[in-house]
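Undergrad:
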Amino acid sequence: MRSAAAATDYLIVVVEQAANQIQRFSNGTTDWNGSPEWYWSAPSTDTWKYLADAKRRLTANWDDVLVCCANGTASTGGRAAMVRESDKAVVWTAVVPGNPHSVERIDGHGAIVTASAKQRATGDNYEAGGGINLFVPTSHGGLPPTSFADTISTGFPGAHGVLWDDANECLLAIGDNELRAYRLVTNSSGIITGLSQVSTLAFSGTGHDLQPDYASSDILYTVGGDAGNPDHGIWKTRLIYNNATGTWSFAAPARLYDWYFTKSFSRLPDGTEFWVDATSAATWWNDTVGFSGRADSVRSGAKFYKARFWSHVLS
0 MRSAAAATDY LIVVVEQAAN QIQRFSNGTT DWNGSPEWYW SAPSTDTWKY LADAKRRLTA
60 NWDDVLVCCA NGTASTGGRA AMVRESDKAV VWTAVVPGNP HSVERIDGHG AIVTASAKQR
120 ATGDNYEAGG GINLFVPTSH GGLPPTSFAD TISTGFPGAH GVLWDDANEC LLAIGDNELR
180 AYRLVTNSSG IITGLSQVST LAFSGTGHDL QPDYASSDIL YTVGGDAGNP DHGIWKTRLI
240 YNNATGTWSF AAPARLYDWY FTKSFSRLPD GTEFWVDATS AATWWNDTVG FSGRADSVRS
300 GAKFYKARFW SHVLS
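Reminder that position 170 of the sequence shown reads as 169 in numbering that gives the first Met the number 0, one-by-one numbering, no gaps.
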């Protein structure tokens, strides 16, 4: 049973792979045909194919931006970027190794983080591996470089999601069989020089999406697969700091839904749940974004991969 919720109007951002656009819609309507309220089209190059993630973030020097990434089909990898909301200018972009599935910006440091599920061998051929790559500015207020910091980046097979937990100042990442929490290592100038893994939550399968619950302090994550994987579905946990021991841990996870092939899931501030489910194991998109408490929103011919809360604001 999908829970009911209040009919509050919020803005939703989606990555849509048929047009290869980032698009914005209102959750107050079910008909998402016609021109989106806001959209940005990815360039027609191999590194920009298959947009995979988009998150709205606030910056001091570039106003509100959409951090985004694409899997790409080039032998060099995919791509990440910051796109300014007001004029749709690309204020920063870089090629990302592997097949980037998720992207985040670390507030207060200006660093861009990407998660690639696999290493790219050539074109669309992959080999086992993948991991977390960081693009770290050399000074506060500067743009990230176009090359990732090799000494900071860390291997994480199947890495599919990254999220900056602003309240706890931890970087969260999800991939094959694990949800991880990292603390930042910085130098005397506050520049990121490394990651220190402080907690791990184990499960079976491919961790796919990682999002905040905007109605609580929970972390929401999805695990792929069907009945053959006992840990598939939608889960919640939260990060806990023990003052007595100075250690971090994840709370015991609780399964919210026994769903298959969920590509993204989150809750809006009023408790409305929204998600993208693939129709089968053979696909990774849908023309529908589901909402609790009302009919789903549909865009004919669309290939939605992920849906996010547009108005995310960091403290």
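Don't be surprised by glycine CBs; every beta carbon is placed ideally from N, CA and C.
Every value quoted in this text rests on a predicted model; they were computed, and no experiment measured them.
1) Exposed or buried, what is proline 229 when buried is set at 16 or more other beta-carbons lying within 10 Å of its beta-carbon?
2) In chain order, what residues of the same chain have a beta carbon less than 7 angstroms from the beta carbon of arginine 83, not counting five sequence neighbours either side?
3) Using a Cβ-Cβ cutoff of less than 8 angstroms, which residues in the same chain neighbour serine 265 once the five nearest sequence positions on both sides are dropped?
4) Does arginine 254 pass the burial test, meaning 16 or more other C-beta atoms within 10 Å, or should it be called exposed?
5) I'd like the ranges of any beta strand (DSSP E) spanning at least 3 consecutive residues and lying wholly in the segment 221-270.
6) Let me confirm a value: alanine 243 is counted as buried when at least 16 other C-beta atoms fall within 10 Å, else exposed. Which label applies?
7) Using 8 angstroms as the Cβ pair cut-off and three pairs as the minimum, do the segment 169-179 and the segment 146-161 touch?
8) I need the boundaries of the beta strand (DSSP E) containing isoleucine 111, first residue and last residue.
9) Using the Cβ count rule (16 or more neighbours within 10 Å means buried), how would you classify glycine 76?
10) Which of helix, strand or coil does DSSP assign to tryptophan 309?
11) Give me the Cα-Cα distance between arginine 298 and leucine 170, rounded to the nearest whole angstrom.
12) Tell me, to the nearest whole angstrom, how far the beta carbon of glycine 71 is from that of tyrosine 49; I am working on the premise that it is less than 8 angstroms.
13) To the nearest angstrom, report how far apart alanine 148 and arginine 23 are at their CA atoms.
14) Out of curiosity, what's the CA-to-CA distance linking alanine 280 and isoleucine 233?
15) Run through DSSP, which three-state label would aspartate 62 get?
16) Let me make sure I understand the geometry here. Which of Val222, Ser248, Thr246, Asp286 has the alpha-carbon closest to that of tryptophan 258?
17) Let me know the secondary structure DSSP gives tryptophan 284 once reduced to three states.
TA: Taking the structure as given:
1) The residue you call residue 229 lines up with position 230 of the sequence shown. With fewer than 16 other Cβ atoms within 10 Å, it is exposed.
2) Here residue 83 is taken as the residue at index 84 of the sequence shown, counted from 1. Correct list, in chain order: Trp61, Asp62, Val64, Val90.
3) Position 266 of the sequence shown, counted from the start, is the residue given in the question as residue 265. The residues are Gln210, Pro211, Asp212, Tyr213, Leu219, Glu272, Phe273, Trp274, Ala306, Arg307, Phe308.
4) Your numbering for residue 254 matches position 255 in the sequence shown. Arginine 254 comes out exposed.
5) Qualifying beta strand (DSSP E) stretches, in chain order: 232-236, 238-241, 246-249, 253-256, 261-266.
6) As a first step, residue 243 must be located in the sequence shown, where it is residue number 244. Exposed: under 16 other Cβ atoms inside 10 Å.
7) The answer is yes - the segment 146-161 touches the segment 169-179, with three or more Cβ pairs under 8 angstroms.
8) The count along the sequence shown starts at 1 and reaches residue 111 at position 112. Here the beta strand (DSSP E) through isoleucine 111 covers 110-115.
9) As a position in the sequence shown, residue 76 is number 77, starting the count at 1. Residue burial annotation: glycine 76 is buried, with at least 16 other C-beta atoms found within 10 angstroms of its C-beta.
10) The residue you call residue 309 lines up with position 310 of the sequence shown. Residue state, collapsed to three classes: coil.
11) Here residue 298 is taken as the residue at index 299 of the sequence shown, counted from 1. Here residue 170 is taken as the residue at index 171 of the sequence shown, counted from 1. Between arginine 298 and leucine 170, the alpha-carbon positions lie close to 33 angstroms from each other.
12) As a position in the sequence shown, residue 71 is number 72, starting the count at 1. As a position in the sequence shown, residue 49 is number 50, starting the count at 1. Between the beta-carbon of glycine 71 and that of tyrosine 49 there is about 7 angstroms, and that keeps the pair under the 8 angstroms contact cut.
13) Reading the sequence shown from its first residue, position 149 is the one you call residue 148. Reading the sequence shown from its first residue, position 24 is the one you call residue 23. One C-alpha to the other measures close to 32 angstroms.
14) Taking the sequence shown and counting its residues from 1, the one referred to as residue 280 is at position 281. Taking the sequence shown and counting its residues from 1, the one referred to as residue 233 is at position 234. Approximately 16 angstroms between the Cα atoms of the pair.
15) Residue 62 sits at position 63 when you count from the first residue of the sequence shown. The answer is coil: DSSP assigns aspartate 62 none of H, G, I, E or B.
16) Position 259 of the sequence shown, counting from 1, holds the residue named residue 258. Cα-wise, what sits closest to tryptophan 258 is Val222.
17) As a working mapping, residue 284 is identified with position 285 in the sequence shown. Secondary structure of tryptophan 284 (DSSP, three-state): coil.
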